[in-house]
Amino acid sequence: MKLDKKEVKKLADLAKLELSDKELGTYQKQLGDILSYADKINKLEIDDIRESLTGVRESDVVPPRPDVVQKSDPQAIEQASLNKDNYVKAANVFEK
Amino acid sequence: MDLDKLTIDSIQTGLRQGEFSSQELTKEYLSRAKSDDTNSFISINDQALAEAEQADKVLAEGNGTALTGIPLAVKDILLVKGLVATGGSKILENYVATYTATAVQKLKDAGMVIVGKTNCDEFAMGTSNENSAFGPVLNPHDKTRVPGGSSGGSAAAVAANLCPVSLGTDTGGSIRQPASFCGVVGVKPTYGRVSRYGSMAMASSLDQIGPMGKTVKDTAYLLQHMAGFDKYDATSSMQTVPDYVAALDRNPKKLRLGVPKEYFSDHLDKEIKEIIHGKIDELEKQGFEIKEVSLPYTDYALAAYYLIMPAEVSSNLARYDGILYGMRADKKLSLEQWYKQVRSHGFGAEAKRRIILGTFVLSAGYYDAYYKQAQRVRTLVKADFAKAFKEVDVLLTPATPSTAFALGEKTQDPLEMYLADVFTVAANIAGICGMTLPIGNDKKNLPVGLQLLAEPFAEEKLFSLGNFIEKL
């Protein structure tokens with residue numbers, strides 16, 4: 008599997024990353040190498056095997072805990088770049 | 025005070041017999057950490073002496089645990105309330121944790137003193153500690169070489185006597201590989217054995233927190249206190265925590281040992297192969313039953329790891345957007361530009377590489393061929409181990425294909441770097457437990473590690489056998 012520069016740029020855009028031309032070239036080559044290596048798993052004919060999302064055995068899965076509402080920690084909100092009156096502010100979603 | 029010889033038991037004896045106080049001991053480690061030339065620490069805990077003073081009070085009253093007053097270094101991926109937690113990333117350079125990771129809290133409750141936060145690859149992504157935004161860690165055995173990664177600072181700090189024990193995290197070998205490169209003991213517990221609450225998530229289905237120390241017993245003491253169910257981590261196990269320290273004295277000779285042939289291929293350095301075979305021969309002479317086993321999907325496990333892990337990384341690292349915490353952007357920017365400015369400047373090259381790779385793996389057209397196929401391989405890797413563990417109790421393998429490599433040797437070729445994880449990733453993919461311990465040195469005088477693997481929740485077997493091998 009090889010990727011072209013346009014595809015790498017598209018993926019970076021989706022991940023909200025801005026890459027220089029040099030970075031695009033470097034990643035294009037490196038990701039191609041990694042995917043060519045990883046492609047070996049596609050030589051296996053294992054469509055009938057069920058996927059495992061974790062290493063945990065089914066007998067060890069813990070049921071979800073009940074949701075409990077808790078107050079937010081003001082210290083956590085103080086970490087936000089922009090905050091006012093114990094609320095987090097975000098940048099403008101729509102450009103003016 | 026000969027720090028090189030200090031273990032948890034000998035420190036505890038020293039403290040209880042009044043040979044030294046926790047404050048004196050902590051002061052000694054702090055002064056070493058401050059003059060350290062391996063770059064093992066990102067920050068020092070300025071409350072360490074106050075914590076030691078508190079521990080001394082508890083000891084003076086004749087109270088406390090086996091860990092009271094023992095200094096501990098904590099990987100900077102783990103949160104400790106009030107201390108900066110960078111995760112080795114510029115994006116969190118000034119982030120102050122607002123709560124403490126459960127595993128760390130349990131050790132604090134047992135009386136341990138936190139000396140500082142150790143250097144690591146950015147968000148635990150790396151094999152050499154060269155992906156830290158705060159510079160690489162140098163291997164204490166040869167400062168031109170890497171300490172391994174991603175818990176490189178935690179391994180080097182123990183090896184360089186900057187702390188007696190430390191905590192790391194292991195997603196694909198990040199405790200076992202640096203432990204091996206630095207000549208210390210490292211344990212990756214079973215997935216779910218230790219709560220991941222307060223550990224910055226890299227790949228949530230693979231991450232585990234674990235202990236590092238000079239002896240197997242020291243790591244058993246730490247795991248004893250860290251393990252157990254935590255309501256804040258839905259994947260933590262409700263299984264009772266056994267007595268790991270008692271397991272050390274159990275006769276290990278009842279354990280059936282296996283040697284997986286796929287781990288001794290041409291990838292493995294000849295000297296390491298000889299040293300490991302030498303150890304296996306010694307165990308045979310001691311009367312252990314040892315047989316060859318096969319884990320046919322070993323090679324595929326590494327390929328699957330480098331698809332599953334980046335997929336989870338791309339999701340987990342989406343949280344670093346500069347809004348709730350961490351690096352800020354120019355206030356005048358729109359949201360889209362804000363995200364891009366923060367993430368492009370805040371993440372290092374390896375983080376970006378894995379985010380892009382993970383975004384690709386999860387994209388609509390390639391999800392089936394890569395992500396789903398890798399999860400099927402995971403089923404096969406789990407089955408490989410399950411089958412092997414019907415025949416044997418513990419697998420003996422090399423920890424790494426080579427001993428510590430030179431700084432800069434693999435930085436230009438990420439795939440080459442990834443291949444160095446070949447012996448450790450399968451344990452994370454399958455959720456089993458593993459330990460590495462030093463068993464000798466190569467001709468360059470660099471430590472060689474032996475890896476022990478056991479089925480889920482069989483850490484006692486690792487401690488029992490590890491303790492025996494260590495004393496052999």
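Going down the list, the protein sequences come from chains X and C.
For our numbering, count along the first sequence from 1 and bump the result up by 7.
For our numbering, count along the second sequence from 1 and bump the result up by 24.
Glycine included, C-beta positions come from ideal geometry on N, C-alpha and C.
Bear in mind the structure is a predicted one, so any value in this text is a computation, not a measurement.
Query, Result
"Below 8 Å on the Cβ atoms is my guess for residue 67 (chain C) versus residue 141 (chain C); work out the distance and round it to an integer in Å.", "5 Å"
"Which of the residues in the segment 13 to 30 of chain X, read from start to end, lie with their CB under 7 Å from any CB of chain C?", "15, 18, 19, 21, 22, 23, 24, 25"
"By a C-beta neighbour count over all protein chains shown, 10 Å radius and 16 as the cutoff for buried, is residue 415 (chain C) buried or exposed?", "exposed"
"With a threshold of 6 Å on Cβ separation, who are the neighbours of residue 292 (chain C) within its own chain once the five nearest residues in sequence on each side are excluded?", "422, 425"
"Put residue 194 (chain C) into one of helix, strand or coil per three-state DSSP.", "strand"
"Just the Cα atoms here: how many angstroms apart are residue 71 (chain X) and residue 403 (chain C)?", "23 Å"
"With 8 Å as the limit, tell me which residues of the segment 75 to 100 of chain X have their beta carbon closer than that to any beta carbon of chain C; keep them in chain order.", "80, 82, 83, 86, 87, 88, 89, 95, 97, 98, 99, 100"
"Kindly say whether residue 266 (chain C), judged by its beta-carbon, lies nearer than 7 Å to any beta-carbon of chain X.", "no"
"Hey, how far is the Cα of residue 34 (chain X) from the Cα of residue 15 (chain X)?", "7 Å"
"Applying a beta-carbon distance threshold of less than 8 Å, which residues of chain X neighbour residue 380 (chain C)?", "15, 18, 19, 22, 24, 34, 38"
"Mind listing the chain X neighbours of residue 401 (chain C)? Cutoff is C-beta to C-beta under 8 Å, in chain order.", "48, 51, 53"
"Using the C-alpha atoms, what's the distance from residue 479 (chain C) back to residue 443 (chain C)?", "24 Å"
"CB residue 418 (chain C) to CB residue 281 (chain C), shorter than 7 Å?", "yes"
"Counting only beta-carbon atoms, is residue 65 (chain X) nearer than 7 Å to chain C?", "no"
"Apart from the five residues on each side of it in sequence, which residues of its chain come closer than 7 Å, Cβ to Cβ, to residue 207 (chain C)?", "165, 183, 462, 471"
"Can you give the Cα-Cα distance for residue 388 (chain C) and residue 294 (chain C), rounded to whole angstroms?", "44 Å"
"Could you name the residues of the segment 334 to 346 of chain C whose beta carbon sits closer than 7 Å to any beta carbon of chain X, in the order they occur along the chain?", "338, 346"
"Counting pairs of Cβ atoms below 8 Å between the segment 147 to 155 of chain C and the segment 110 to 118 of chain C, do you hit three or more?", "yes"
"Only counting the same chain, and skipping five residues up and downstream in sequence, which positions put a Cβ closer than 6 Å to that of residue 194 (chain C)?", "212, 232, 234"
"Output the residue ranges of the beta strand (DSSP E) runs that lie fully inside the segment 396 to 432 of chain C and measure 3 residues or longer, sorted by chain position.", "418 to 422"
"Anyone know if the C-beta pair for residue 221 (chain C) and residue 268 (chain C) falls short of 7 Å?", "no"
"Considering only residues of the same chain and omitting the five flanking positions on each side of residue 500 (chain C), which have a CB-CB separation below 7 Å?", "Residue 500 (chain C) lies beyond the stretch modelled for chain C, which goes from 25 to 496, so this question has no answer here."
"Can you check the segment 210 to 288 of chain C for any alpha helix (DSSP H) of at least 4 residues that lies completely inside it and give the ranges in chain order?", "240 to 250, 268 to 271"
"Using DSSP's beta-bridge definition, name the partner residues of residue 92 (chain C).", "BP columns for residue 92 (chain C) are empty, so no partner."
"Which value, in whole angstroms, describes the spacing of the CA atoms of residue 177 (chain C) and residue 55 (chain X)?", "43 Å"
"Mind checking residue 32 (chain X): buried by the 16 CB within 10 Å criterion, or exposed?", "exposed"
"Which same chain residues end up closer than 8 Å to residue 283 (chain C) when comparing Cβ atoms and leaving out the 5 residues on each side of it in sequence?", "304, 314, 315, 316, 317, 419, 420, 421"
"Counting Cβ pairs, one atom from each stretch, are 3 or more of them under 8 Å apart for the segment 380 to 394 of chain C and the segment 451 to 461 of chain C?", "no"
"Counting Cβ pairs closer than 8 Å, one from the segment 247 to 255 of chain C and one from the segment 58 to 76 of chain C, do we hit at least three?", "no"
"Tell whether a beta-carbon distance below 7 Å holds between residue 381 (chain C) and residue 334 (chain C).", "yes"
"Do residue 41 (chain X) and residue 400 (chain C) have their CB atoms nearer than 7 Å?", "no"
"Around the C-beta of residue 264 (chain C), are 16 or more other C-beta atoms found within 10 angstroms, so that it is buried, or is it exposed?", "exposed"
"From the DSSP output, read off the bridge partner residues of residue 478 (chain C).", "C:418, C:457"
"State yes or no: is the beta carbon of residue 217 (chain C) nearer than 7 Å to at least one beta carbon in chain X?", "no"
"For residue 60 (chain X) and residue 130 (chain C), I'd like the C-alpha separation in whole angstroms.", "29 Å"
"Look up residue 48 (chain X) in the DSSP assignment and say whether it is helix, strand or coil.", "helix"
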